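Contents: one structure, followed by commentary.
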RNA sequence: GCCCGCUUAGCUCAGUGGUAGAGCACACGCUUCACACGCGUGGGGUCAAUGGUUCAAGUCCAUUAGCGGGCACCA
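Numbering (the numbering used here), first residue to last: 392 to 1082.
Encoded structure:
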């Protein structure tokens, strides 16, 4: 019979040749006995479904001692196991006296040579196949039958599956696809080989007597007692337990198990396990199974699966590849807070390509927080923070109502995101609230008021509102940037009642105030103020358009401009009027004139269309660059017209009007009206410019 | 071979059927009394391809391509 092999030396350990029972070519030979070349052994031809008739010659040599599949076949057919390669990859006595002591590769060559000499060699062909290698030294691994300790898993896996079905525990977040990965593995459970041939770890608690009896107990003393031979020679198994075996006990062993400690009673079962998808089998499933076994409970109700940190090329990090990041070096370079929030900013469950420049941007964020707080604290004299200053909302300016509204929106979003374990959404909301709303706008809006050197109730009230907003923001930021927020919060605490104690949960009132124990800000829906937001948006738009004109018309930063604002809507005029000081300061305007309409536009003005039919005009006298202004307005018109046309087409579609929710139709209608009126305004401006 | 995920700006990535976004990078201007690790203003998109569902698709469905991962197998 002709068989194929990639490891000719193993033929010395063959104890059968297998064929598929349905293979016509070999049917007659099943049960026959073959002479195994180069040995004195006779081996049977066996029939086994495992054999693929289409592969190779359809006849497979079977080496139970040196191949996992052959081992299984050997078990099915009661074949002997002949070990021909030892632990040092040298041929054993069983390989015969011509081969004993040879290295496996020398033996391989010699077997081929002998076959050739005996005219038994059909052919030698190049062949590519996957080969298993040692992870550490890359040595090719030869399978070798050996005695190992196994843990029977069937019952434990069934219990874990049952808990999954009945209690839906643990719950994976995100649910897909990890629930399926977890249950699939449990459903196809294999007995667990817990022996490891390493020199570190817990040694397997099995002892052998001199006559080869095995005793498994907790200690050698117990083993001795159990053996009933006080001073007999006992030898402990050399193998150690798989590290995941003890890791699997982690949830309760760390709390003092097997003792019934207070910690165990208080903290077990735990709430959330945060881990990576690569150890769902190794660790998570083992923890659930071992916890059910020893504690009768699932150890955590939720498993939050995070992404894995990859290097910047998308490769998994490993010490062997040398592409690992040293967290301590990152901490030194950018700070712990920046590192922490960078990790939180990684989209939930998605792998992250690690890039320093990302950490750098959060280092910059930390610096921004520091400097904003520095500004606030520089102007803290006379300020108070906390519940007492929050009360007087009727005295708040538009921008105060606005920032409080924005803060409460952020608090709402952030709490919801944390609840869903969507940490990146929380980071996004925090970053933009703090940097865009609080720093870029609010601080600038209140700057004149709070930096006033003359003390006054109005100044101190403005300072109190600013510092109160900072204090609340620090609390909101704290879980993501713990160190900087604590440092700054401590500096603020003295401005609050009882040195900050008023912010602590009643249970902690006796302790030293720390932001760690302060209540986490929750949304106060009554402080979300849609009107303040839309009014403030109008002010922001006006300021932005004036700035845009200044920049595009190359007005020097130090140079003040006049701003003429027209607004047909009385409420809009009122809003601009109440914020006129802020507009002047931030837009760097010497004068802001607000009127219902402008009959006469000064020659050489740059203009911008605003919402609600309002218009901003910046007279530039001789300074205006007509070509630039035309280009600027032209680009704007193009954008507005394109969007208006899209909206109009949609509104003209009867299907849309009939089937879309009325609310959406109305919304689009309003938007299109605004766009159309803006387009008209811009066209008038362009005409005026040409004329 | 089976299963899963990804493909959006130069790069790394968010995006919940209804106006495509961020950070970095880029361009221009700025020693504006918290911050140049900053401030202001800009430019930059066939949302992998094709088909379908829908009044409406980056988003839902199907197919294809490319990339990544897991499991199985490798006589």
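We put the beta carbon where it would ideally sit given N, CA and C, even for glycine. Here the structure is a predicted model, which is why all the values come from computation and not from measurement.
Would residue i and residue j qualify as a contact pair, given that the criterion is a beta-carbon distance under 8 Å?
i	j	result
residue 592	residue 640	no
residue 895	residue 908	yes
residue 405	residue 449	no
residue 554	residue 577	no
residue 742	residue 699	yes
residue 990	residue 998	no
residue 422	residue 436	yes
residue 582	residue 550	no
residue 868	residue 821	yes
residue 690	residue 766	no
residue 799	residue 915	yes
residue 688	residue 663	no
residue 721	residue 874	no
residue 502	residue 400	yes
residue 605	residue 596	no
residue 966	residue 983	no
residue 1043	residue 1063	no
residue 814	residue 739	yes
residue 569	residue 668	yes
Is it buried or exposed for residue i, if we count other Cβ within 10 angstroms and need 16 for buried?
i	result
residue 758	exposed
residue 496	exposed
residue 558	exposed
residue 511	exposed
residue 589	exposed
residue 710	exposed
residue 682	buried
residue 902	exposed
residue 522	exposed
residue 777	buried
residue 484	exposed
residue 507	exposed
residue 856	buried
residue 904	buried
Based on Cα-Cα distance, which residue from the options lies nearest to residue i?
i	options	result
residue 579	721, 940 and 552	552
residue 516	983, 396 and 946	396
residue 1070	1042, 1024, 1056 and 1049	1024
residue 1080	623, 1017 and 596	1017
residue 891	898, 912 and 862	862
residue 447	513, 433, 456 and 791	513
residue 832	795, 556, 403 and 855	795
residue 574	714, 676, 940 and 521	676
residue 858	847, 773, 645 and 813	773
residue 951	942, 626 and 959	942
residue 556	910, 571, 564 and 968	571
residue 883	1055, 775, 963 and 853	775
residue 1078	504, 1020 and 598	1020
residue 970	904, 836, 1053 and 905	836
residue 411	452, 634 and 433	452
residue 1075	627, 953 and 1000	1000
residue 637	668, 442, 594 and 535	594
residue 911	900, 866 and 898	866
residue 546	684, 443, 670 and 876	684
residue 1038	1056, 441, 770 and 417	1056
residue 962	925, 569, 947 and 992	925
residue 499	479, 519 and 402	402
Give me, in chain order, the residues of the same chain whose beta-carbon lies closer than 7 Å to that of residue i; leave out the 5 immediate sequence neighbours on both sides.
i	result
residue 1011	944, 995, 996 and 997
residue 524	530, 531 and 532
residue 818	732, 735, 736 and 871
If I measure Cβ to Cβ from residue i and keep anything under 6 Å in the same chain, skipping five residues before and after, which residues do I get?
i	result
residue 1084	This structure does not reach residue 1084, given that the chain is present from 392 up to 1082, and the question cannot be answered.
residue 391	With the chain covering 392 to 1082 only, the question about residue 391 has no answer from this structure.
residue 586	539, 540 and 630
residue 470	406, 407 and 455
residue 985	956, 964, 967 and 968
Within the present structure, is the beta-carbon of residue i separated from the nearest heavy atom of the ligand SAM by less than 7 Å?
i	result
residue 483	Absence of the ligand SAM from the depicted structure is noted, as is the absence of any ligand whatsoever, leaving it without description.
Leaving out the 5 sequence neighbours to the left and right, which residues in its chain are closer than 8 Å to residue i when beta-carbon positions are compared?
i	result
residue 864	798, 824, 825 and 829
residue 703	744, 745 and 746
residue 1004	958, 959, 960, 1068 and 1072
residue 433	424, 425, 426 and 427
Requested in this report: Mind the definition here: the segment 925-936 touches the segment 971-980 only if three or more C-beta pairs lie below 8 Å; say whether that holds.
Outcome: Short answer: they touch.
Report task. Report yes or no: do the segment 609-620 and the segment 643-654 share at least 3 C-beta pairs separated by less than 8 Å? Result -> The answer is no - the segment 643-654 does not touch the segment 609-620, with fewer than three Cβ pairs under 8 Å.
Query - Cβ contact check for the segment 804-822 and the segment 785-796: 3 or more pairs under 8 Å - result: no
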